[in-house]
Amino acid sequence: QSSLIHINKNQISSLIIDITKKENQRSMKYTKTFVFTQIFIQYPNLQYLNFCPSPSLYVHLSFANSSSIFVSSNLLELHICLANFTDCLYILDGHFNQLRTFYVNISLIQSENKNVDKEKKLSNLKCFSLHCYKMTDDYNEVILPLLYRMSNLEELDLNLFLSVKEKFLDGNDIKKNLLNQMIQLNKFTFNIYSIVYCHNQINLQSNEDIQNTFNDYKYNKIICSIDYFKKRSSQCRIYSYPYKLKFYNSITNNFSGELFKCVRQISLLDEKPFEHEFFLRIEKSFPFLEKISIHNFQPQNNKSCTESNKDHQHLSIVKYPYLTNLSLIKVHDDYIEQFLVNTKVSLPNNVHLNISYEPLKRVTNNFTRDATQINCTKLKSLCVNVSEICKHVQDYFLHTEIICL
């Protein structure tokens, strides 16, 4: 407020508020709630508000334990991160009766019986974006009823992680339960990741089955990917392309291989091994990749072939020039070797590696192996699960900061 002291508050129509001071989570929630409620008193003619967009301080706003009262008849566009779905309903419960565009990131979506209006039509809303990164099983009971209230919606963007009971969400579901109900819609983008814990082993949907349900889809190109696992829940991802999100999680060998220029963070997971060629595909598809996390305990099948060729010179070296964070906690030793042997992957400087100590010790031959030392010396920091390390370990990593847990 002090930086705006000389500006007529009635003249301010657009505002981006970010709270950068580090506090504990409880204090931060209180601070954000207080600031948010004061904004509409201080700036009564505000039409655009983007509240706390910084992902590094993702403490979501909540009105559950407060007597917050705020209202604005001028606000047209709001971007906000909320703690739960009830907070979203509270925002839409008559507080901003002229709201046209609403972008909301919700930490948790679940059905709650709170005293908020769940029936009132939101006829003024033209653009709605809903993102939630935690799994929910309340798509039909909670999300769809909210969307049905938006009868004049023209643009819709959904990013959801769904737990479904019998079959994956597909184009037929979307057309029947969503698109046919929203006749004004002219732009629809989505990334929907659904999982099934107990699937029918007889009537399994194939990748082609899901893709065919989007044959007459009139919006963006749609890509789908299905993986059936023996030891875990099976998964299906359907999304609009081009892909605009900064992350892409749970990538398997079934990955389709398009170009993802916006993605900065990925996780790789499979019950089948990742071969060297797979990491080359990842390099080509994610040219600006910064963070990689791998979960795979299956040994590589082609490792014996690569080892028979001296120094792996026949391999194309994988390069991730923007990589800053690498997590190799839940992996077979082959993937540690994949990233530390410099004739397989050439790491950039200043990478942070998160890894278990014993597998690292094995792959580096007790921190004496020449083939892994070049990439190890490039590490900016190393986080390992031991209380202390010996001098020869520190010498092997030269200037790397070693963090012991």
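In this note's numbering, the protein residues as written are -18 to 386.
Heads up, the beta-carbon is just placed ideally off N, CA and C, and yes, glycines get one too.
- Here the alpha carbon of Thr170 sits roughly 8 Å from the alpha carbon of Tyr200.
- DSSP places Asn(-11) in the coil class of the three-state scheme, outside both helix and strand.
- The shortest C-alpha to C-alpha distance from Tyr303 to any of Asn331, Leu30, Cys108, Thr353 is the one to Asn331.
- If you check the CB distance, Thr358 and Leu334 do not come in under 8 Å.
- Around the Cβ of Gly152, a 10 Å sphere holds 16 or more other Cβ atoms; the residue is buried.
- Rounded to whole angstroms, the separation of the alpha carbons of Leu141 and Asp119 is 11 Å.
- Two segments are said to touch when three or more pairs of C-beta atoms, one from each, lie closer than 8 Å; by this definition the region 103 to 123 touches the region 86 to 95.
- Around the beta carbon of Tyr178, fewer than 16 other beta carbons lie within 10 angstroms, which makes this residue exposed.
- Taken through DSSP and simplified to helix, strand or coil, Glu122 comes out as helix.
- Taking C-beta atoms under 8 Å as the contact rule, Asn277 and His257 fail to qualify, at a distance of about 13 Å.
- By the Cβ-count criterion, Thr233 is buried, with 16 or more other Cβ atoms from all chains shown falling within 10 Å of its own Cβ.
- Going by beta carbons, Leu42 and Ile61 fall inside the 8 Å limit.
- Across the structure, Tyr316 and Asp208 are spaced so that their CA atoms are roughly 21 Å apart.
- For Gln162, there is no enclosing beta strand (DSSP E), as DSSP marks it with neither H nor E.
- Segment contact: the region 304 to 312 against the region 260 to 274, three or more CB-CB distances shorter than 8 Å; contact assigned.
- The beta carbon of Ser297 is closer than 7 Å to those of Leu261 in its chain, skipping five residues each way along the sequence.
- Between Leu(-4) and the set Tyr11, Val16, Asn31, the nearest pair of CA atoms involves Asn31.
- Excluding sequence positions up to five before and after Leu250, its CB lies within less than 6 Å of the CB of Ser231, His276, all in the same chain and listed in chain order.
- Inter-residue distance for Ile204 and Leu159 is about 19 Å (C-alpha atoms, whole angstroms).
- At the C-beta level, Phe44 and His76 stay beyond 8 Å of one another.
- Apart from the 5 residues on each side of it in sequence, Lys242 sits with its Cβ closer than 7 Å to the Cβ of Pro268, Phe269 in its chain, given in chain order.
- Boundaries for Cys243: no alpha helix (DSSP H) harbours it, and the DSSP string shows neither H nor E there.
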